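Visitor: Dumping the structure here so I can ask a few things about it.
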Amino acid sequence: MSHLRHGLLAALLLPLAAQAAPAPDALAPSVRDRVIEWRRDIHQHPELGNRELRTAALVAAHLQALGMEVRTGIAHTGVTGLLRGGRPGPRIALRADMDALPVTERVDLPFASKVTTEYAGQTTGVMHACGHDAHVAILMGVAQALASVREELAGEVLFVFQPAEEGPPPPEDGGAKMMLAEGIFDPVAPVAIYGLHVWATLPVGSLGYRSGPMMASADRWVLSVQGRQTHGSRPWTGVDPISIAAQALTASHAIIARQIDIASSPVVLTAGRIQGGIRFNIIPDTTEMEGTLRTFDMAVREDVIQRFGRTASAIAEAAGGSAELTVVQNAPVTVNDPALTAASLPVLAGVVGSERLVELGLMTVAEDFGAYAQRVPGFLFFVGSSPPDADLASVPNNHSPEFFLDEASLDVGTRALLALALDRLGPAGAAP
Numbered sequence: 003m004s005h006l007r008h009g010l011l012a013a014l015l016l017p018l019a020a021q022a023a024p025a026p027d028a029l030a031p032s033v034r035d036r037v038i039e040w041r042r043d044i045h046q047h048p049e050l051g052n053r054e055l056r057t058a059a060l061v062a063a064h065l066q067a068l069g070m071e072v073r074t075g076i077a078h079t080g081v082t083g084l085l086r087g088g089r090p091g092p093r094i095a096l097r098a099d100m101d102a103l104p105v106t107e108r109v110d111l112p113f114a115s116k117v118t119t120e121y122a123g124q125t126t127g128v129m130h131a132c133g134h135d136a137h138v139a140i141l142m143g144v145a146q147a148l149a150s151v152r153e154e155l156a157g158e159v160l161f162v163f164q165p166a167e168e169g170p171p172p173p174e175d176g177g178a179k180m181m182l183a184e185g186i187f188d189p190v191a192p193v194a195i196y197g198l199h200v201w202a203t204l205p206v207g208s209l210g211y212r213s214g215p216m217m218a219s220a221d222r223w224v225l226s227v228q229g230r231q232t233h234g235s236r237p238w239t240g241v242d243p244i245s246i247a248a249q250a251l252t253a254s255h256a257i258i259a260r261q262i263d264i265a266s267s268p269v270v271l272t273a274g275r276i277q278g279g280i281r282f283n284i285i286p287d288t289t290e291m292e293g294t295l296r297t298f299d300m301a302v303r304e305d306v307i308q309r310f311g312r313t314a315s316a317i318a319e320a321a322g323g324s325a326e327l328t329v330v331q332n333a334p335v336t337v338n339d340p341a342l343t344a345a346s347l348p349v350l351a352g353v354v355g356s357e358r359l360v361e362l363g364l365m366t367v368a369e370d371f372g373a374y375a376q377r378v379p380g381f382l383f384f385v386g387s388s389p390p391d392a393d394l395a396s397v398p399n400n401h402s403p404e405f406f407l408d409e410a411s412l413d414v415g416t417r418a419l420l421a422l423a424l425d426r427l428g429p430a431g432a433a434p
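In the numbering used here, the protein residues as written are 3 to 434.
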């Protein structure tokens with residue numbers, strides 16, 4: 003058996019004197035079936051952020067079987083594995099996120115999720131509606147492929163399996179920031195980190211990218227309004243916090259439309275929940291409004307927060323009440339390092355062809371991959387996941403209960419991530 007393995011490696015590798023690495027298209031087929039199997043298993047058993055116990059155990063057992071240095075329990079359920087190559091070289095990091103969403107699946111699959119749980123006080127289904135099951139399976143496959151040729155690798159790979167990318171359930175901490183705070187880049191930081199995301203609005207076989215700012219920062223804001231309770235038939239005897247919240251919401255639209263230069267830096271300010279009162283004829287003491295803020299510039303972000311808080315307070319004070327704005331950042335802007343992006347594009351073109359590399363515009367969705375990219379150069383790219391004949395204008399997008407992933411995208415993602423890793427751990431290891 004060892005002779006067969008040696009012969010396979012010899013066929014995969016260029017002469018050692020050339021310091022070449024194995025070819026991703028030769029390694030990927032060896033894990034293709036396993037990646038599909040893992041993805042289906044994880045899809046059928048989704049877990050919410052900071053609750054990814056089964057997924058983490060599956061990942062840790064796999065990395066340990068590959069002989070890696072494995073660390074578990076990071077940021078609650080995170081897992082890392084360190085693969086040391088047989089020759090000296092740089093350390094790089096590859097990241098996948100593990101959490102699912104509180105979404106009830108409506109896709110007819112033999113491995114569809116039937117899981118339900120309690121979230122925010124409500125019973126809900128749980129679904130990998132954003133494709134993180136694919137991310138985990140792909141990275142597990144890449145780990146196995148690279149481990150099979152570790153002696154030929156010039157450097158080290160840190161595999162990062164992260165919980166709670168979608169944001170930890172309040173008031174818990176979690177996600178990329180907590181992974182970093184708990185030292186996954188200590189004592190040796192990688193020279194670069196790579197990640198991928200399956201994406202419904204790209205057809206399978208294509209890869210999307212953008213250099214520089216790509217995905218928005220994501221803030222969760224809560225506006226707490228204090229009024230004075232009274233009978234609904236006599237509103238003048240109290241202070242109506244629902245009316246104040248409604249005026250603050252309308253004013254927030256005017257802030258974006260009339261006070262912020264959205265031509266130079268896009269901004270989205272959205273309310274997703276407003277809650278106050280328990281009875282039709284009682285004006286309550288308090289009302290709470292909650293939403294999200296998306297920006298691509300930290301100075302603009304701070305300006306919007308200040309304007310919104312000041313405006314809401316002024317409206318509340320004018321009515322005899324008060325308002326307090328609290329903002330918690332879930333994810334910073336995801337910025338792809340320009341030099342790393344430039345070095346990565348020829349590699350990705352070698353996987354799918356340059357005609358299938360799609361340069362994307364700014365995206366107001368968010369990803370906490372940006373936290374890693376604040377520490378070391380980062381490159382996140384998108385893997386088309388919809389069938390080639392799908393109507394991309396109407397296909398159910400990520401986070402939809404009808405989100406569907408064409409499993410051909412798993413092989414594309416595996417080959418792309420393998421290619422990037424091998425490029426850095428071979429002759430191009432000293433590249434930016």
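Ideal Cβ positions, reconstructed from N, Cα and C, are used throughout, including at glycine. Only a predicted model underlies this, so the values are computations on that prediction, with no experimental measurement involved.
Is the distance from the Cβ of R377 to the Cβ of P92 below 8 Å?
Guide: no
Visitor: Give me the DSSP bridge partner(s) of R42.
Guide: DSSP lists no partner for R42.
Visitor: How is the alpha helix (DSSP H) around D27 delimited, first residue to last?
Guide: 26-29
Visitor: Determine, using beta carbons only, whether A131 and P403 come nearer to each other than 8 Å.
Guide: yes
Visitor: Between which two residues does the alpha helix (DSSP H) containing F310 stretch?
Guide: 300-320
Visitor: Check T416 in the structure and name its three-state DSSP category.
Guide: helix
Visitor: Thinking A30 and L424 are a contact (beta carbons under 8 Å), I'd like their distance in whole angstroms, please.
Guide: Actually they are not in contact, since the Cβ atoms of A30 and L424 sit about 11 Å apart, beyond 8 Å.
Visitor: Output the boundary residues of the alpha helix (DSSP H) element that contains S346.
Guide: 340-354
Visitor: Kindly indicate the opening and closing residues of the beta strand (DSSP E) around T119.
Guide: 118-121
Visitor: Quick test of your reading: F298 and L271, contact by CB under 8 Å. State the CB separation rounded to the nearest angstrom.
Guide: At roughly 13 Å, the Cβ-Cβ gap does not stay under 8 Å, so F298 and L271 are not in contact.
Visitor: Identify whether P215 lies in helix, strand or coil by the three-state DSSP scheme.
Guide: strand
Visitor: If I follow the unbroken alpha helix (DSSP H) through A202, where does it start and stop?
Guide: Element bounds for A202: not the alpha helix (DSSP H) but the beta strand (DSSP E), 194-205.
Visitor: Taking DSSP's pairing of strands, which residues face H233 in a bridge?
Guide: I284
Visitor: Between which residues of its own chain and A351 is the CB-CB distance below 6 Å, once the five residues before and five after are set aside?
Guide: L359
Visitor: Can you name, in chain order, every residue of its own chain whose Cβ lies under 7 Å from the Cβ of P398, other than the five neighbours on each side?
Guide: A202, E404, F405, F406
Visitor: Taking all protein chains shown into account, decide if Q146 is buried (16 or more other Cβ within 10 angstroms of its Cβ) or exposed.
Guide: buried
Visitor: Which residue from E120, A149, M129, S219 puts its Cα closest to that of T106?
Guide: When each option's Cα is compared against that of T106, the closest is M129.
Visitor: So, for A180: in the same chain, excluding its five sequence neighbours on each side, which residues have a beta-carbon less than 6 Å away from its beta-carbon?
Guide: In the sequence on display, residue 180 carries Met and not Ala. The answer, listed in chain order, is A77.
Visitor: Could you spell out the range, first to last residue, of the alpha helix (DSSP H) harbouring D135?
Guide: The continuous alpha helix (DSSP H) containing D135 extends over residues 134-149.
Visitor: Per DSSP, F405 forms a beta bridge with which residues?
Guide: In DSSP, F405 forms no bridge with anything.
Visitor: Can you name, in chain order, every residue of its own chain whose Cβ lies under 6 Å from the Cβ of V329, other than the five neighbours on each side?
Guide: D221, W223, I307
Visitor: Out of R296, E71, V200, point me to the one whose CA is closest to V138's CA.
Guide: V200
Visitor: If you run the structure through DSSP and keep just helix, strand and coil, what is M291?
Guide: strand
Visitor: By alpha-carbon positions, which one of A410, L422, A418 ends up nearest to E435?
Guide: One cannot answer for residue 435 here, as it falls past the ends of the chain, which runs 3 to 434.
Visitor: Please list, in chain order, all residues of the same chain as T366 whose beta carbon is under 6 Å from its beta carbon, the five residues on each side excluded.
Guide: A218, V270, R296
Visitor: Taking the straight line between their C-alpha atoms, what separation do you get for M70 and I264?
Guide: Here the alpha carbon of M70 sits roughly 47 Å from the alpha carbon of I264.
Visitor: So what does A156 bridge to, in DSSP terms?
Guide: R89
Visitor: Which whole-angstrom value describes the C-beta separation of D99 and E49, a residue pair presumed to lie in contact below a C-beta threshold of 8 Å?
Guide: That belief does not hold up - the Cβ atoms of D99 and E49 are roughly 12 Å apart, past 8 Å.
Visitor: Are the segment 225-238 and the segment 321-337 in contact at 8 Å, needing three or more beta carbon pairs?
Guide: yes
Visitor: At what residues does the beta strand (DSSP E) containing A273 begin and finish?
Guide: 269-277
Visitor: Just tell me which of G123, P172, L155 has its CA closest to the CA of P1.
Guide: Limits of the chain in this structure are 3 at one end and 434 at the other, which puts residue 1 out of reach.
Visitor: Return the residue from the list D393, A114, P104, P334 that minimises the CA-CA distance to Q124.
Guide: Minimum Cα distance to Q124 is reached at P104.
Visitor: With H, G and I counted as helix, E and B as strand and the rest as coil, what does DSSP make of Q21?
Guide: Bear in mind that the predicted position of Q21 carries a pLDDT of just 47, short of 50, making it unreliable; the figure below should be weighed with that in mind. In the three-state scheme derived from DSSP, where H, G and I count as helix and E and B as strand, Q21 is classed as coil.
Visitor: Smallest Cα separation from R97: which of F113, L68, N52, G80?
Guide: If we check each option's Cα against that of R97, G80 comes out closest.
Visitor: On the three-state DSSP scale, how would you describe A13?
Guide: Because A13 sits at a pLDDT of 38, beneath the cut-off of 50, its placement in the model cannot be relied upon, and the point is left open.
Visitor: List the DSSP bridge partners of A98.
Guide: Per DSSP, F163.
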